[in-house]
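Numbering (our numbering), first residue to last: 560 to 1149.
Glycine included, every Cβ here is placed at the ideal spot set by N, Cα and C.
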């Protein structure tokens, strides 16, 4: 086994969540394309065929292109580590069940930056001419400016006097800016526990469904704008709400998609009340603007449309909907505006409405930089929108596999992706989605069967000397056992194990009830290389006890996270059955 392979798996390998290629399109659990490209360049040769059965956002395709066009940061990293990659063009075949994932991968790997910039600037200019009126707003001095973003507020009912109060009035405390859990009703003076305060409902006419519907009552709370070059903010008034309602009345949205949301595990009766269709995730203003943008795409050359769609969708579910949020940060005098929480469909009591046109204008530079990084590559990538339980490749035809499979019950991708795919007119067929999901009728057995079928295909198409790098993450031992059983049943053996150190973990990884930072990396081979397993420990429990005893003090949550990841890695190295959940390691921390 080569020196580079030994180095790659000898210590945690850094995978930063930064840069244009990573940030162009946010995607849960995404891996750095630059980091993956280094793995591909160290595990394969020029002209080799690379395969990924779980393509996600197309990272393996992008990484394959990068092996022929390495960035400065990649060259610096391989020099630091003493790696000896083989740079040059390869071919990649990427399977992905999600239509938006395939569209993203194809567009990223085939678009020229100059052409993209030209047509995108035109699209934004044309749409701004149509839509800037709806973002027009009066500034504190009485002049007309443009909205940068608006904070809306749920309306709640005081459980004591029955009066309606803006949630923001009760929840927000100034100097310093913080969120309160309890507050006094301004009408009766009684204490109100905000988590239990009933949200007010109202009946409105739905212009797309052409019927009355019941929704949560929300009103404008605070406005942030710009007049000329001067930025400003002020609290909203009743006149602002009246003006907004008047401005948005009778807007033409006849070309809008009418898509009923297919709710699953992410549905929450409270904050999803009244959301039955795609357009209910948006304010009427942002629905009008995004629909106007989307409708314009058909007027552009066919070979640029996919890139324009991906550009718009990159901002859509992350920043254009009611899922956009505010957070309060220490010593910050005002709210910090952020995007939607990845991996969930959460809508807060203070949703944010961003100016989509401003946001896309800022995003344009990132996309242009991303296309510039790989447009000179001579690599070839084929994206297949389909299930990897039936791969249409010949036996013994693949030289290297790099894949990041779905993490069991971690993220219901098909449920999340529908907010983007509904605009495309085609959504994920979840019948073959490898997931543990009661809403889909899938338990550990169904997940295991699907994973076993996929690894069977991987083994079939791998050449005898080919290898597979597997990145995986779960806090549950039962899911780990399902994964290990799946690749073993396919005739694959673990040769080495390490950790992919995600320098900035995804939201789900930092906020799961039991956190696991850093994803174990497993190197699999078809050939049994007679790996000598360390016999220092009798089983995984003895190993776990040893790791906890050797862990640095104080043994806190962060140490527990790293200890569990090391436990998984060493169980695979020692060929132990994984029987302990992450919870076991966190009990020591508590």
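Item	Value
Taking only three categories from DSSP, how would you classify residue 997?	helix
Would DSSP call residue 838 helix, strand or coil?	helix
Which residues mark the beginning and the end of the alpha helix (DSSP H) in which residue 627 is found?	Residue 627 -> no alpha helix (DSSP H), and no H or E assigned at all.
Among 684, 618, 642, 1083, whose alpha-carbon lies nearest the alpha-carbon of residue 654?	618
Contact check, residue 838 vs residue 767 under 8 Å by CB: the rounded distance?	6 Å
Between 1001, 941, 850, which lies nearest to residue 981 when the distance is taken from Cα to Cα?	850
Specify the secondary structure class of residue 863 as computed by DSSP and reduced to three states.	helix
With residue 646 as the anchor, note down where its beta strand (DSSP E) starts and where it stops.	Note, residue 646: premise wrong, no beta strand (DSSP E); not H, not E.
What is the C-beta distance between residue 636 and residue 609, in whole angstroms, given that I count them as a contact (C-beta under 8 Å)?	About 20 Å; that fails the 8 Å criterion.
So, helix, strand or coil for residue 1021, using DSSP?	strand
For residue 909 and residue 601, I'd like the C-alpha separation in whole angstroms.	48 Å
Below 8 Å CB to CB, which residues in the same chain sit around residue 1031 once its five sequence neighbours on both sides are set aside?	963, 964, 966, 1039, 1042, 1078, 1079, 1081
So which of 1124, 1135, 862 has the shortest CA-CA distance to residue 1145?	1124
Between which two residues does the alpha helix (DSSP H) containing residue 658 stretch?	658-669
For residue 578, does the three-state DSSP call read helix, strand or coil?	coil
For the beta strand (DSSP E) holding residue 913, just list the boundary residues, first then last.	911-913
Which same chain residues, not among the five before or five after residue 869, have their C-beta less than 7 Å away from its C-beta?	584, 662, 663, 666
In three-state terms, what does DSSP make of residue 1069?	Confidence is the limiting factor: at residue 1069 the pLDDT is only 40, short of 50, which leaves the residue's position unreliable, though a coordinate-based value still follows. Looking at residue 1069 - three-state DSSP - the assignment turns out to be helix.
If the criterion is Cβ atoms closer than 8 Å, does the pair residue 571 and residue 625 meet it?	no
Tell me which residues share the same chain as residue 687 and place their Cβ nearer than 6 Å to its Cβ, disregarding the 5 neighbours each side in the sequence.	916
Measure the alpha-carbon distance for residue 679 versus residue 797 and round it to whole angstroms.	37 Å
State the start and end residues of the unbroken alpha helix (DSSP H) segment that holds residue 1058.	Unbroken run through residue 1058 is the beta strand (DSSP E), 1052-1061; no alpha helix (DSSP H).
Going by the beta-carbon positions, is the gap between residue 671 and residue 934 smaller than 8 Å?	yes
Would you mind sorting residue 805 into buried or exposed? The rule is 16 or more other CB atoms within 10 Å of its CB.	exposed
If you drop the 5 nearest sequence neighbours on each side, which residues of the same chain put their C-beta closer than 7 Å to that of residue 1002?	995
Just how far apart, CA to CA, sit residue 566 and residue 992?	34 Å
Compute the Euclidean distance between the alpha carbons of residue 620 and residue 938, then round it to the nearest angstrom.	9 Å
So, under 8 Å CB-CB, residue 597 and residue 633 are touching, yes? Tell me the CB distance rounded to an integer number of Å.	6 Å
Give the secondary structure of residue 948 by DSSP, where H, G and I count as helix, E and B as strand, and everything else as coil.	coil
Using a Cβ-Cβ cutoff of less than 6 Å, which residues in the same chain neighbour residue 1110 once the five nearest sequence positions on both sides are dropped?	1118, 1122
Checking 8 Å against the spacing of the C-beta atoms, do residue 924 and residue 874 come in under that value?	no
Can you grab the Cα-Cα spacing for the pair residue 903 / residue 1000, in whole Å?	20 Å
Could you compute how far the alpha carbon of residue 697 sits from the alpha carbon of residue 703?	5 Å
If I'm right that residue 847 touches residue 693 with Cβ under 8 Å, what's the distance once you round it to whole angstroms?	6 Å
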